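Residue numbering for the sequence shown follows this note's numbering, beginning at 12 and increasing consecutively. Below is one structure; the comments refer to it alone.
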Amino acid sequence: MRTLIVAAMLIGVSSGVALAQDAAKGASVFKKCMPCHNIGPGATNKIGPELNGLDGRHSGSVPGYAYSEANKKSGIVWNKEMFEKYINDPRGVVPGTKMTFAGDQNKHEVEDLWAYVSQFDASGNVKK
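Now the structure itself:
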């Protein structure tokens, strides 16, 4: 009986980890971002900058996008931790940003969104 309980707990934990970052679910979450952002092959700037190659990119660095001074001077280098912090409260992290999104407090949505966004390289292709 004890072995079954431990096995069930391990399955639950491993499933939780798998669900914690689901790029397919993140694609669905990204629909909230689409009015302002593009990603993938052929992505262009919209109201917000295109998001290809976000992982490791410096904030305020997409050519042809008119960033706020606050964003350009933020010193942010995008990674999972910074993205999660920013997407929770963009204006709290970068006061003066042009981003009007109020933020997403749903931890699973944010993790899934990062899994989706971070899979694209600077050319908009899914990293191998």
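Where a beta carbon is used, it is the ideal one built from N, C-alpha and C, also for glycine. Because the structure is a prediction, the values reported are computed rather than measured.
Backbone CA spacing between residue i and residue j [nearest angstrom]
i, j, result
"ASP33", "TYR76", "29 Å"
"TYR127", "PRO52", "14 Å"
"GLN116", "ILE98", "8 Å"
"ILE50", "LYS42", "11 Å"
"GLY71", "MET110", "12 Å"
"MET20", "LYS118", "With a pLDDT of 40 at MET20, under the threshold of 50, the modelled position of that residue is not reliable, and the figure given next carries that caveat. C-alpha separation (whole angstroms): 21 Å."
"PRO46", "VAL121", "17 Å"
"ALA55", "GLY135", "Rather than Ala, the amino acid found at residue 55 in this sequence is Thr. Each residue's Cα considered, the two are about 10 Å apart."
"GLU3", "GLY114", "Lying before the first or after the last residue shown, residue 3 is absent from the chain, which here runs from 12 to 139."
"LYS96", "LYS138", "24 Å"
"LYS84", "GLY103", "15 Å"
Outcome for residue i when other beta-carbon atoms lying within 10 angstroms are tallied against a minimum of 16
i, result
"SER39", "exposed"
"ASN3", "The structure shown does not extend to residue 3, since the chain is modelled only from 12 through 139, so no value can be given for it."
"HIS48", "buried"
"THR108", "buried"
"VAL105", "buried"
Spatially closest choice to residue i from the options, by CA coordinates
i, options, result
"GLY64", "ALA133, PHE94 and VAL105", "ALA133"
"CYS44", "TRP125, LYS96 and TYR78", "TRP125"
"LEU62", "LYS139, LYS36, LYS138 and PHE131", "PHE131"
"VAL73", "PRO60, GLU122, SER79 and VAL121", "PRO60"
"GLY67", "ASN56, ILE87, VAL105 and GLU122", "ILE87"
"HIS69", "TYR78, TRP89 and GLY103", "TRP89"
Distance CB(residue i)-CB(residue j) smaller than 7 Å
i, j, result
"PRO101", "PHE112", "yes"
"ASP143", "LYS36", "Because the chain is modelled from 12 through 139, residue 143 falls outside the range shown and cannot be assessed."
Let me know the alpha helix (DSSP H) ranges lying completely inside the region 42–126, each 4 residues or longer, listed in chain order.
Here the runs fully enclosed are 80–83, 91–99 and 101–104.
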